[in-house]
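Protein chains in written order, with our numbering: chain A, 1 to 235; chain B, 1001 to 1282; chain C, 2001 to 2256. All residues carry an ideal CB built from backbone N, CA and C; glycine is no exception. Reading through the structure tokens given below for one structure.
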Amino acid sequence: MLDLSQAFHAALWQIATLDPQLLEIIGLSLKVTLTAVALASLIGFAVGGILAVYRFPGRGAVAAILNALMGLPPVVAGLIVYLLLSNAGPLGVLQLLYTPVAMIIAQVILVTPIIAALTRQTCEDLLEEYRDQLRSLGASSAEIVTTLLWDGRYRLITAVLAGFGRAIAEVGAVMIVGGNIDHVTRTMTTTIALETSKGNIALALALGMILLAIALSVNVALMGVRRLASRFAYG
Amino acid sequence: MGGLFRRRDILKLVLANVVLLGLAFSVSSAADNFIIVQSTTSTQNSGLFEHILPLFTKKTGIEVRVVAVGTGQALKNAEKGDGDVVLVHSQPDEEKFVADGWGVKRYPVMYNDFVIVGPAADPARVAGMRQAPEALKKIAEAQSPFASRADDSGTNKAEMKLWQQSGVDPKKSSGSWYLETGSGMGATLNIAVGKQAYALTDRGTWLAFANKSDLKVLVEGDDELFNQYGVMLVNPAKHPTVKAKDGQVFIDWLTGSEGQAAIADYKIDGQQLFFPSARPQS
Amino acid sequence: MVEHPTSQHAIHSGRLCTESLLPLELRNLSLETGSRRLVDRVDLKVQERGITVILGPNGAGKSLLLRLMHGLIEPTEGVILWGNAPMDDKIRRRQAMVFQKPVLLRRTAAANIAYALGLRGRSRSERTTRALQALELAGLQHHAFTPARVLSGGEQQRLCLARALSLDPEVLFLDEPTASLDPASTLAIERVLIDATHRGIKVIVVTHDVGQARRLAQDIIFLHHGRLIEHQPALRFFERPLSDAARGFISGGLVL
């Protein structure tokens, strides 16, 4: 156990000196996940809002499928994207396999259901309060969607954070579609997996701590925005 | 107020998406000059690639991107055309790969050997044995824990061949003393350490493995433990997207004097991991 | 209360409407859920300007009737006619409604009004000017850039009323607007309503407060158990109610 803690401190020290390879890995993780979450938010907000406001046949089924997709295992999402982007697959011509774009696509698939489901819930709750007044004022269904999304913006931050958490922590999808290629598609989670498989447990742990610290910072930052807004009574 | 969204909203949405996709594409590597090599986790875990690939890139300007999976998966990926070159260590499968038309030609590259590692306490008393199948038989009789990769890899296929020669079918005891991890070499070794189990591993991965704890090499030197690596170009006739030219450059370098020297040069703690074995080109 | 002569061509805030929304006619109007009739075969006609008060005990169906008139709910049976035209979205846009609990967005007071004006297609600059004007008329100009949700209950309701009026409605509905407000706010709101009628706006208010009905009403629609019991000019209603239910209600009893 003493060995482990010594190695752990050694690893932390290596990290504290801002090893360029480490920065590269952190940078890629953040670029992939933040891009994926941003795209997933655009899609998720729209889908969630539309589901909450519009009545159409099959609405209940779509909502149920959306909820179920929140539990989609990352490795399955990765497999699906891999089969699509493989040279033997339908989208092989795009030559996207083993690139960060493939990783973004896989993470968008993982994150969108979460954001959409939470957005739908938020909008439905707000709709209870707002529906009659907004209809009285003459808002169309589309206008109601955008109004609810903007008005529920602080609750939607939580939805985005939930999506971010799922994406930054997953390894199954990015491993399969990215290939964990050095300097190209190696993220924090795939590095942790690799170092573990090489027996570098201490380094893997230290990297895990860094990952947690980053995720925590993002959360704190966004919740700070929320609290600031509450103070000005917009929340 | 007709239409789903006002024009201004649509414009904002499109702009946002364009910016994000631009960011996404900028994130992908700028280098166009690269090949993808499907190889195995054992080769990657040994650290060999970190040592030899920069030399190749420096000489030719071609970047080499390695996707490390099990031998079986590497070959299947190559059949799909998701790679330009395959570097694995399972000769019968490699020959079948070429025979079936997925690969152009098989070149031997290097070899190392497998070893059986196990706890220092050695409950099955196999330390120092030179016949691997006999050692496995003793482990089975002692019902000592044995961690197997069970993942269609070159290492796993070698292991199953040894069990066959020993006359024991370990799969009947799967879940009791025979642990089928379905994982790569490193993960399997971690489990072996955790469970104080025996395991078959290639020497390269073992030397580079940082979590040995009290496991040691107990059985080595059997001819049956010989581990030969082969490299093949994925057949461009089957997949026109294969970068045949650059792929062949890599194969030629790897099997040529420079590549072979680089392989021999790679050592951990003064010990050489891989031994060059390419046939000299005429 | 000054009465305006009814006219076929209503000139309202400088906009010439070809057809007035009055008279309002409800024919055999019913709203059912399952087995219960929440609004039961209501027939009535409202043609006078001024304030019409819908009065009755809680659960009488007053709010539902109001929502039916404003087109927020579809009736199970019967028709709603405004100026001899059936209720539709176009007619709804010529009306506005204030609810019992103020419904405001998470924005400033001015932004809330500007939002409503934006829905009606006003340009950005027009929205801001008109919003500030509306706030001034309501005496809320110093709260223009305060988040709406920070305002007191009375201020919020006055804001909702200002928002509704900024849309230049021809008909203004209010559902128990002062039920939870203090007397000062109640007075302020009632004053605005009376002033609105002077500008030609038809006001229809739901209340269970007899005193408020006495203060505001030109005519009274009395509902009980979803049925129309009486529709009379206010003075006559209070002096000589035709039904026992109305009599009991006016004198402050519990009408079952």
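Euclidean distance between Cα positions of residue i and residue j
| i | j | result |
| --- | --- | --- |
| D1082 (chain B) | I1036 (chain B) | 8 Å |
| R166 (chain A) | S2035 (chain C) | 48 Å |
| K2090 (chain C) | G224 (chain A) | 44 Å |
| S2063 (chain C) | P73 (chain A) | 49 Å |
| R1130 (chain B) | D1223 (chain B) | 9 Å |
| A68 (chain A) | F45 (chain A) | 17 Å |
| E2136 (chain C) | L2161 (chain C) | 12 Å |
| A38 (chain A) | L1225 (chain B) | 52 Å |
| V1242 (chain B) | S29 (chain A) | 29 Å |
| H2142 (chain C) | S2185 (chain C) | 17 Å |
| D2040 (chain C) | T2076 (chain C) | 10 Å |
| T2129 (chain C) | D2168 (chain C) | 15 Å |
| G60 (chain A) | L127 (chain A) | 17 Å |
| H183 (chain A) | M175 (chain A) | 14 Å |
| S1029 (chain B) | Q1271 (chain B) | Note that S1029 (chain B) scores a pLDDT of 47, beneath 50, so its modelled location is shaky and nothing firm can be said. |
| L2022 (chain C) | G2078 (chain C) | 18 Å |
| A1237 (chain B) | I43 (chain A) | 40 Å |
| A1074 (chain B) | R2107 (chain C) | 58 Å |
| N2058 (chain C) | E2190 (chain C) | 21 Å |
| I50 (chain A) | L85 (chain A) | 30 Å |
| T122 (chain A) | T1060 (chain B) | 56 Å |
| S1090 (chain B) | I104 (chain A) | 34 Å |
| L91 (chain A) | T1043 (chain B) | 30 Å |
| Q1228 (chain B) | I114 (chain A) | 48 Å |
| R2122 (chain C) | Q133 (chain A) | 19 Å |
Spatial neighbours of residue i in its chain, beta-carbon cut-off 7 Å, leaving aside the 5 residues before and after
| i | result |
| --- | --- |
| A139 (chain A) | T147 |
| I1251 (chain B) | V1085, Y1107, V1231 and L1233 |
| H2070 (chain C) | R2092, Q2095, M2097 and F2173 |
6 Å CB neighbourhood of residue i in its chain, flanking five on each side removed
| i | result |
| --- | --- |
| H1367 (chain B) | This structure cannot speak to residue 1367 (chain B), because chain B is shown only from 1001 to 1282. |
| E2019 (chain C) | G2083 |
| E195 (chain A) | L203 and A204 |
| I2113 (chain C) | A2131, A2134, R2163 and S2166 |
| E2025 (chain C) | K2045 and L2081 |
| E1180 (chain B) | S1148, A1150 and S1174 |
| K1137 (chain B) | S1166 and V1168 |
| L2066 (chain C) | F2173, D2175 and V2206 |
| V75 (chain A) | G172 |
Chain-ordered chain A contacts of residue i [CB-CB under 9 Å]
| i | result |
| --- | --- |
| K2122 (chain C) | A quick correction: the sequence has Arg, not Lys, at residue 2122 (chain C). Within chain A, no residue comes near R2122 (chain C); the closest Cβ sits about 12 Å away, beyond 9 Å. |
| T1241 (chain B) | N87, G92, V93 and Q95 |
| N1045 (chain B) | L194, S197, K198 and G199 |
Interface partners of residue i on chain B, CB under 7 Å
| i | result |
| --- | --- |
| I181 (chain A) | R1065, V1066 and V1067 |
| L39 (chain A) | L1020 |
Beta-carbon neighbours of residue i, restricted to chain C and to distances below 7 Å
| i | result |
| --- | --- |
| E129 (chain A) | V2103 |
| L137 (chain A) | A2116 and L2119 |
| E143 (chain A) | L2119 |
Chain-order list of residues whose beta-carbon lies under 8 Å from that of residue i (same chain, five-residue window excluded)
| i | result |
| --- | --- |
| A169 (chain A) | T189, L211 and A215 |
| T1057 (chain B) | E1063 and V1064 |
| A1261 (chain B) | P1276 |
Test item: CB-CB of residue i and residue j under 9 Å
| i | j | result |
| --- | --- | --- |
| L40 (chain A) | Q107 (chain A) | It is worth fixing the name first, because residue 40 (chain A) is Ala in this sequence and not Leu. Yes, the pair counts as a contact, with Cβ atoms nearer than the cut-off. |
| A52 (chain A) | R120 (chain A) | yes |
| V1066 (chain B) | L1055 (chain B) | no |
| V2206 (chain C) | V2053 (chain C) | yes |
| N1290 (chain B) | I201 (chain A) | Summary: the structure shown does not reach residue 1290 (chain B), with chain B confined to residues 1001 through 1282, and so no result is reported for it. |
| Y54 (chain A) | V177 (chain A) | no |
| V2103 (chain C) | E143 (chain A) | no |
| Q2218 (chain C) | P2233 (chain C) | yes |
Chain A contact residues for residue i, given Cβ-Cβ distances below 7 Å
| i | result |
| --- | --- |
| L1189 (chain B) | G199 |
| F1209 (chain B) | K198 and G199 |
| L1015 (chain B) | By Cβ distance, chain A contributes nothing, its closest Cβ being about 11 Å from L1015 (chain B), past 7 Å. |
| K1080 (chain B) | S86, N87 and A88 |
Contact set between residue i and chain A, taken where Cβ atoms lie within less than 8 Å
| i | result |
| --- | --- |
| L2161 (chain C) | Neighbours of L2161 (chain C) on chain A: none; closest Cβ ~13 Å, over 8 Å. |
| A2096 (chain C) | S136 and L137 |
| R2093 (chain C) | G138 |
Chain-ordered neighbours of residue i on chain B, where CB pairs are closer than 9 Å
| i | result |
| --- | --- |
| T147 (chain A) | Correct list: empty, because the minimum Cβ distance to chain B is about 12 Å. |
Chain C contact residues for residue i, given Cβ-Cβ distances below 8 Å
| i | result |
| --- | --- |
| Q21 (chain A) | Per Cβ cutoff of 8 Å: no residues; Q21 (chain A) is ~45 Å from chain C at best. |
Contact set between residue i and chain B, taken where Cβ atoms lie within less than 8 Å
| i | result |
| --- | --- |
| Y98 (chain A) | I1036, R1065, V1067 and D1082 |
Length at least 4, wholly inside the region 1101 to 1183 of chain B: the alpha helix (DSSP H) runs in chain order
The qualifying runs are 1132 to 1142 and 1154 to 1166.
Write down every uninterrupted run of the beta strand (DSSP E) in the region 193 to 229 of chain A whose length is 3 residues or greater and which is fully enclosed by it, in chain order.
Counting only runs of 3 or more, we get nothing.
Minimum length 4: unbroken alpha helix (DSSP H) runs contained in the region 1191 to 1246 of chain B
Fully enclosed alpha helix (DSSP H) runs of 4 or longer: 1203 to 1208.
Whole beta strand (DSSP E) runs in the region 2021 to 2057 of chain C with 3 or more residues, listed along the chain?
Restricting attention to beta strand (DSSP E) runs no shorter than 3 residues, the region 2021 to 2057 of chain C encloses them at 2024 to 2033, 2036 to 2046 and 2051 to 2055, ordered along the chain.
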